[in-house]
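Notes for the one structure printed next.
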Amino acid sequence: MAAGRSGIVVGFVGAGQLGTALMQGLCAAGVPRVLAYSVPADTQAPVRVQAAGATFVAAPEGLGQADIVFSAVTSQAARQAAADCAPHLAPHAIYVDLNSMGPQQKRAVEQALQPSGRDFVDAAVLGAAADGIRVPIVLAGVRAGDVVAALTPFGMNLRAIGQRCGDAAAIKIVRSVLAKGLETLYVEALVAARRMGVETEVLDSFCAMLDSRSAASMAQLLVTTHVLHAERRMHELDMSVQVLDELGVPPSMARATRDVLARTAQARVSDAFGGRLPADLDAALAALDPVMGATAPERRCGE
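Residues 38 to 340 (our numbering) are what the sequence shown spells out, left to right.
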């Protein structure tokens, strides 16, 4: 990799919202050369790349001088993009995949690079693309630390979480269960509340509960009390499902919530704690883990 701030060249595969936001931020921060190749072909890509301050290249061969190449395409295009770029990357180049995929899909991208011997880093964006270089990005892979060291001086919000490729993807995908689950719970509950004319009161009271403690403390409270009170909460959700049905709101999230509560109640997880709250989040999760189904065999990138 080129030494110091003055010589680094950063490449991008993909010129969509995320790619162009990162390009623009890096160019503004003083990265001397930022190159971009569009996948899929897009007649407006050169315009967006130029507006971001970067240099558009018409073929993957144009990325041959890049020290670090970010892939920001789509999950469907990620593997082929890596295969197309691999033969043209510099021997020292690091290929960083930012696409939202699970660990198995990240492994497929890494395997596409393996014949060329180029280094692969699994990355996950944990925020909005509009935040540009300020968006939090976690990285996993043998050379994740090299990417952090090279680009944090330019303002990128990067954190290496280890050398095991696939860990960043796992964080992103499982975190999405929380983020998108909360999103859809809000949609389902607030539409129902609106039909009853109580949306303001429901939202205000729920937000007051959330604001009463830190997010981490709230997570511990909800999970530990879930162990103890799953059966009572299950019966409450039975009523919620009935009300949503009566309102004509499909109770998809309410039913799913009820199913998880029923699973915990039927397994009598609370018996392991003698009717008392688990000591902490880890103790609660350890007791709930066997109830949630069989554990899949662990696999990592390169296997």
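Cβ coordinates follow ideal geometry from the N, Cα and C atoms, glycine included.
The beta carbons of I105 and A160 sit about 11 angstroms from each other, so the pair does not count as a contact at 8 angstroms. The C-beta separation of A167 from N136 comes to about 18 angstroms, leaving the pair out of contact by the 8 angstroms criterion. For D317, the secondary structure class from DSSP, reduced to helix, strand or coil, is coil. Excluding five sequence positions before and after G312, the CB atoms of its chain that fall closer than 8 angstroms to its own CB belong to L265, given in chain order.
When only Cα atoms are considered, G44 and G67 end up about 11 angstroms apart. Setting aside the 5 residues that flank it on each side, R180 is surrounded in the same chain by I131, D156, V158, each with a C-beta closer than 7 angstroms to its C-beta; the list follows chain order. Of all alpha-carbon atoms in F107, A89, C64, R232, the one lying nearest the alpha-carbon of V76 is that of F107. Looking from the CA of K143, the closest CA among T111, D241, R70, I170 belongs to T111. Counting only runs of at least 3 residues, the region 251–311 fully encloses no beta strand (DSSP E) element at all. Between the C-alpha atoms of G51 and R231 there is a straight-line separation of about 41 angstroms. Annotation: the continuous alpha helix (DSSP H) that includes S213 extends over 204–232. At a Cβ-Cβ threshold of 8 angstroms, V162 and L176 do not count as neighbours. Among the bridge pairs identified by DSSP, G48 is matched with L72, V106. Rounded to whole angstroms, the Cβ separation of A127 and Q102 is 7 angstroms, and the two are in contact under 8 angstroms. If you check the CB distance, R295 and V306 do not come in under 8 angstroms. Between L63 and I170, the C-beta spacing is below 8 angstroms. The residue among T261, D282, A252, A245 with its C-alpha nearest the C-alpha of A226 is D282.
Closest option to V46, judged by alpha-carbon separation, among L55, M60, G53: M60.
It is roughly 12 angstroms from the alpha-carbon of A293 to the alpha-carbon of T221. Straight across, the Cα-Cα distance linking G192 with A320 is about 38 angstroms.
Distances from the CA of H129 to each of G154, D317, F49 were compared; the closest alpha carbon is that of G154. With respect to the 8 angstroms criterion, G199 and P140 are not classified as neighbours on the basis of their beta carbons.
Pairing M255 with L247, the inter-Cα distance amounts to about 7 angstroms. DSSP places A186 within a helical segment (H, G or I) once states are collapsed to three.
When the Cα atoms are used, G234 and V228 turn out to be separated by approximately 10 angstroms. Around G182, the same chain offers A197 as residues with beta carbons nearer than 7 angstroms, after the five sequence neighbours per side are excluded.
By the Cβ neighbour-count rule, M329 is exposed, with fewer than 16 other Cβ atoms within 10 Å of its own. In this structure A309 touches A324 by the C-beta definition: roughly 5 angstroms separates them, less than 8 angstroms.
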